[in-house]
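Asks: Can you keep this structure in mind? I'll have questions shortly.
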Amino acid sequence: MQFPLDMLTGYFIEQGIAVVKEPQHPKALFSWVSAFLDQEAPAAAEGEEDTMRFLGPRALEELRGAGTPGRRVVVLGPRDAVPEIPALGNDDIYIRSALSPQLLADRVQRHLMRVVQWNDQMGVMLEEGCITQDLLKASEPVLGCFVALSDSTFSYIAHTPNIAPLDERTAYLVKNGCYSPDTIRIAREHGFMRVWEHQEWTAIHNVPTALFSYPTLDRVIHQRGSYAAHLVMVSPTEISTSQVFLFNLLARKVEACLERHWRLENPLEQSYSYFLRELLTGNVYDEPQLAEHAKLHGLPLTGLFELCVSDNTWRAGSPSYFAKKILEGEPSCKVAINGQSVAVLLCAPDTRRGRIAAMEEEVFDLAHRMRVEVGVSDRFERLEDAALALEKARIALRYGRRKSRRHLAFDAPGAGTEEVFRFRRYFPYFATDPFARSEKFVTRLLASPNPLTDLRAADRERGTSDAEILRVYLHAEGRINVVCDQMHMHRNTVTYRLDKIRRIVRGDLDDADLRLYLRMLYLLSD
884 MQFPLDMLTG
894 YFIEQGIAVV
904 KEPQHPKALF
914 SWVSAFLDQE
924 APAAAEGEED
934 TMRFLGPRAL
944 EELRGAGTPG
954 RRVVVLGPRD
964 AVPEIPALGN
974 DDIYIRSALS
984 PQLLADRVQR
994 HLMRVVQWND
1004 QMGVMLEEGC
1014 ITQDLLKASE
1024 PVLGCFVALS
1034 DSTFSYIAHT
1044 PNIAPLDERT
1054 AYLVKNGCYS
1064 PDTIRIAREH
1074 GFMRVWEHQE
1084 WTAIHNVPTA
1094 LFSYPTLDRV
1104 IHQRGSYAAH
1114 LVMVSPTEIS
1124 TSQVFLFNLL
1134 ARKVEACLER
1144 HWRLENPLEQ
1154 SYSYFLRELL
1164 TGNVYDEPQL
1174 AEHAKLHGLP
1184 LTGLFELCVS
1194 DNTWRAGSPS
1204 YFAKKILEGE
1214 PSCKVAINGQ
1224 SVAVLLCAPD
1234 TRRGRIAAME
1244 EEVFDLAHRM
1254 RVEVGVSDRF
1264 ERLEDAALAL
1274 EKARIALRYG
1284 RRKSRRHLAF
1294 DAPGAGTEEV
1304 FRFRRYFPYF
1314 ATDPFARSEK
1324 FVTRLLASPN
1334 PLTDLRAADR
1344 ERGTSDAEIL
1354 RVYLHAEGRI
1364 NVVCDQMHMH
1374 RNTVTYRLDK
1384 IRRIVRGDLD
1394 DADLRLYLRM
1404 LYLLSD
C-alpha cells in the first residue's frame, strides 16, 4: 500500500510536531519509513524512491556528500539551524522535535501499519457482505471523528455508533432519521444541491459554512451517474491532510458497499416502478399481459384505487425525498417519479373504502406538513384505468391552484383545501373553461367507467330507473318530496333507491361537490 507525502505532514501536525519544510510534490507516493540504511532492503535496489528515511542534520550532510539519492524526513533538534535546502524538485520534509529520528520513524511506521490493517479489515468485511454501519464503526479508532452517511433523499443510513455528533444538524439526522427541513432549505438556497449533483471529489471545509459550524469533509457517492449518498465527517479540530487520505479510503469502501446493497436499502428502487410508469403514460397492455405483469409486480388487477399527483415536491427537498417519506408512512402505496412530478397510487385489493381512507389520511397529512400540493383523482376499480386517473389528478391539481381560494370559507377547518384538490370538485371548472380544449378528455371520461355509466349499467341489468331518479334528485337539489311527486313514488321507495344509488356511485349524495360533478356528467352525456 502506498501513501502520499502530505499524509506524513498531516500526521506530524496532528502530533504537535512543527513542520519546517513541506515536500514540493505532496501527492508523491511512498510505502515505507526507516531510520537505518539497509542495502538489502527492496527499496534500496529501486533507488530508495519508495522509502522515507528519517535522519538528523549530521547524517543528512554525510548522505549529501556521498550523493545517496532518496526522500528524507530531516529531524531537527529544538536548537538546530535549518540546513541549506535545494531549490528545485526537493521532496524532503523538515520537522523540529526533541525526539530521535529512530523513535519518530518507529511511531510513523506503526501508524502506517495500523492504516494498512484497517484497510485490509474493511476489504474482508466487504467480502463477507457487511453493511455501511460496520464500516463506519471500524473507522472510529483510525479517524477518531464523527462520520454520518445519508442518501439522496436526505435520510439517515448510518453513523459512527460510539462517537457522538458535534453539531445540531447531524444530531437531528441521527435522532430523527433525516436532515431537518431547515437544513434542506439552506442547502437548496445556497446551491449545495447543484454542486453535489456533480461533485466527484472530497470537499474540505476548515472554516464554518452555512450548513456546519465545525470543520467538515464531505464526499458525494454516485450510483449510475446520479447523486446517491453523502458521506460527511465532522471534526472538532482543523482537518489535516492525513485525515483527508483516511477519509478517502473509507469513502471508497462505503461506495463499494453501496454498490452491493443500495437496491435493498433504497425503497424507491422497487420492481414495480417501471411497470407503473408505463401504465400511467398510457402504454396499453392486453388483458392477459396486464394480469401477468400486475401479478409479477405485486399490484392487484382489481380492487379500489385512487391516484394522487404532485409537481411541486421541491418544497419537500426533492421528489425522491417526498416519495420515500410516503413509502415510509404508508408502505402499501405505489410510487412513480417523472422529473419533478410524483404519482402515488393508493390501492386496496378489496373494495372497502375504509382502507383507502386511511391511506389518504397518511398521504394528505404528509403533504400538509411539507406544504406540497396534491391533485386527487376519483376512485376506480380497475388497474387499467390508472392512465385516465392520472389525467384527472392533473386536472384537479391545475384548477385547484387557481380556484381553491373560493372554498376556504366554506370548508371545515383541517379539510386541507389549500393542499389537497379533488377531481370531483374542480372538474366543472375544467369542463367550462373555454381555453382548456377539454373535448378529448371528456370523450375518454364518458367512454370509461364513471358513476353515471355504472348506474345505467345497473339499470339495464336490474330493469330499474335509478339513473332517472338521480337526475330528478340532482335537479331538485336533494329534496326527496320533489322526487316523489315527479316520479310518482312513495317516500320510502325513493329513500331505498337513493341508498342503492349511493353504493353504486361510491359517494355521499349530500356532498355538494359530488352533486355538481354528477350534474356535469348528465349534461355532457346528453
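For the record, in the sequence shown the residue sitting at position 515 is 1398 according to the numbering used here, with numbers rising by one throughout.
All C-beta atoms, glycine included, are put in the ideal place defined by N, C-alpha and C.
(1) Rounding to the nearest angstrom, what Cα-Cα distance links P1048 and V1117 in this structure?
(2) Reducing DSSP to helix, strand and coil, say where E1121 ends up.
(3) M935 bridges to which residues according to DSSP?
(4) Given a cut-off of 9 Å, decide if I1387 and P1334 are closer than it, judged by their beta-carbon atoms.
(5) Where E1080 and L1056 are concerned, what is the direct C-alpha to C-alpha distance, given to the nearest angstrom?
(6) Compute the distance between the beta-carbons of A1111 and S1035, then report whether it is under 9 Å.
(7) Where does G1283 land, buried or exposed, given buried means 16+ other C-beta within 10 angstroms?
(8) Give me whichever residues DSSP pairs with M1116 in a beta bridge.
(9) Please say whether W915 and M935 have beta carbons closer to each other than 9 Å?
(10) Could you have a look at N1045 and say whether DSSP puts it in helix, strand or coil?
(11) Taking contact to mean at least 3 C-beta pairs separated by less than 8 Å, is the region 1225-1232 in contact with the region 1193-1209?
(12) Decide if M1242 is buried, meaning its Cβ has at least 16 other Cβ atoms within 10 Å, or exposed.
(13) Assign D975 to one of two classes, buried (16 or more other C-beta atoms within 10 Å of its C-beta) or exposed (fewer than that).
(14) Kindly indicate which residue of S1321, R1374, K1383 has the alpha-carbon position closest to the one of A1350.
(15) Within its chain, find whatever has a CB closer than 6 Å to the CB of A901; leave out the 5 residues flanking it on each side and keep chain order.
(16) Among all the DSSP beta bridges, which residues are the ones paired with L1190?
(17) Is A1272 near D1261, with beta carbons less than 9 Å apart?
(18) Is S1022 near T1043, with beta carbons less than 9 Å apart?
(19) Within 10 Å of its beta-carbon, does M1005 have 16 or more other beta-carbons around it, so buried, or fewer, so exposed?
(20) So what does DSSP say about P887, is it helix, strand or coil?
(21) Using the DSSP secondary-structure output, state which residues sit across from G1258 in a beta bridge.
(22) Going by C-alpha to C-alpha distance, which of T1124, A1199, V903 sits closest to R1071?
(23) Return the CA-CA distance between V1303 and F1128, expressed in angstroms with no decimal places.
(24) Applying the 10 Å Cβ sphere with the 16-neighbour rule, what's the burial state of G1346?
(25) Check whether the region 1354-1364 touches the region 1393-1401, counting contact only when three or more Cβ pairs, one atom from each stretch, lie closer than 8 Å.
(26) Can you give me the Cβ contacts of S1348 inside the same chain, cut-off strictly under 7 Å, excluding the 5 residues immediately before and after it?
(27) Just to confirm before moving on: does the CB-CB distance between A988 and S917 stay below 9 Å?
(28) From E1274 to E1322, what distance separates their C-alpha atoms?
(29) Going by C-alpha to C-alpha distance, which of A1041, L1328, F1205 sits closest to D1248?
(30) Kindly give me the distance between the Cβ atoms of A1240 and G1258, rounded to whole angstroms, as I take these residues to be in contact under 8 Å.
(31) Nearest to L1182 by alpha carbon, out of R1265, R993, V1255, G1212?
(32) I need the boundaries of the beta strand (DSSP E) containing K904, first residue and last residue.
(33) Going straight from the alpha carbon of Q885 to that of Q1172, what length do you get?
(34) With V1137 and L1026 assumed to form a contact (beta carbons below 8 Å), what rounded beta-carbon distance in angstroms separates them?
(35) Please list the terminal residues of the continuous alpha helix (DSSP H) segment that includes K1383.
(36) If you drop the 5 nearest sequence neighbours on each side, which residues of the same chain put their C-beta closer than 6 Å to that of Y1062?
Replies: Taking the geometry as given:
(1) Answer to the nearest angstrom: the Cα atoms are 8 Å apart.
(2) Correct three-state label for E1121: coil.
(3) Bridge partners of M935: V916, R954.
(4) Between P1334 and I1387, the C-beta gap is smaller than 9 Å, which places the two residues in contact.
(5) Rounded to the nearest whole angstrom, the C-alpha separation of E1080 and L1056 is 21 Å.
(6) In terms of Cβ geometry, A1111 and S1035 form a close pair [threshold 9 Å].
(7) G1283 is buried by the Cβ-count criterion.
(8) Beta-bridge partners of M1116 (DSSP): V1030, L1100.
(9) Yes, the Cβ-Cβ distance between M935 and W915 is below 9 Å.
(10) Annotated three-state conformation of N1045 is coil, per DSSP.
(11) In the pairwise beta carbon analysis, the region 1225-1232 is classified as touching the region 1193-1209: at least three pairs are separated by under 8 Å.
(12) Counting C-beta atoms within 10 angstroms of its own C-beta, M1242 has 16 or more neighbours from the protein chains shown and is therefore classed as buried.
(13) Per the 10 Å Cβ criterion, buried.
(14) Out of S1321, R1374, K1383, K1383 has the C-alpha closest to the C-alpha of A1350.
(15) Cβ neighbours of A901 beyond the five flanking positions: R979.
(16) Checking the DSSP bridge columns, you'll see L1190 partnered with L1228.
(17) A1272 is a Cβ neighbour of D1261, given a cutoff of 9 Å.
(18) Closer than 9 Å, so yes.
(19) Buried, by the Cβ-count rule.
(20) P887: strand per DSSP, three-state reduction.
(21) Partner(s): V1192, F1304.
(22) Looking from the CA of R1071, the closest CA among T1124, A1199, V903 belongs to A1199.
(23) When rounded, the distance between both Cα atoms is 50 Å.
(24) Its Cβ having fewer than 16 others within 10 Å, G1346 is exposed.
(25) Enough Cβ pairs lie closer than 8 Å, so yes.
(26) Excluding sequence neighbours, S1348 sits near D1342.
(27) In this structure, the beta-carbon distance from A988 to S917 falls below 9 Å.
(28) Distance between the alpha carbons of E1274 and E1322 is about 13 Å.
(29) Comparing Cα-Cα distances from D1248 to each of A1041, L1328, F1205, the minimum goes to F1205.
(30) The pair is not a contact, with the Cβ atoms about 18 Å apart (cut-off 8 Å).
(31) Of the candidates R1265, R993, V1255, G1212, the one whose C-alpha sits nearest the C-alpha of L1182 is R1265.
(32) From DSSP, the beta strand (DSSP E) with K904 extends over 901-904.
(33) Cα to Cα, the separation comes out at about 57 Å.
(34) No, V1137 and L1026 are not in contact; Cβ-Cβ is about 12 Å, not under 8 Å.
(35) Note, K1383: alpha helix (DSSP H), 1374-1388.
(36) Result list for Y1062: F1037, L1056, in chain order.
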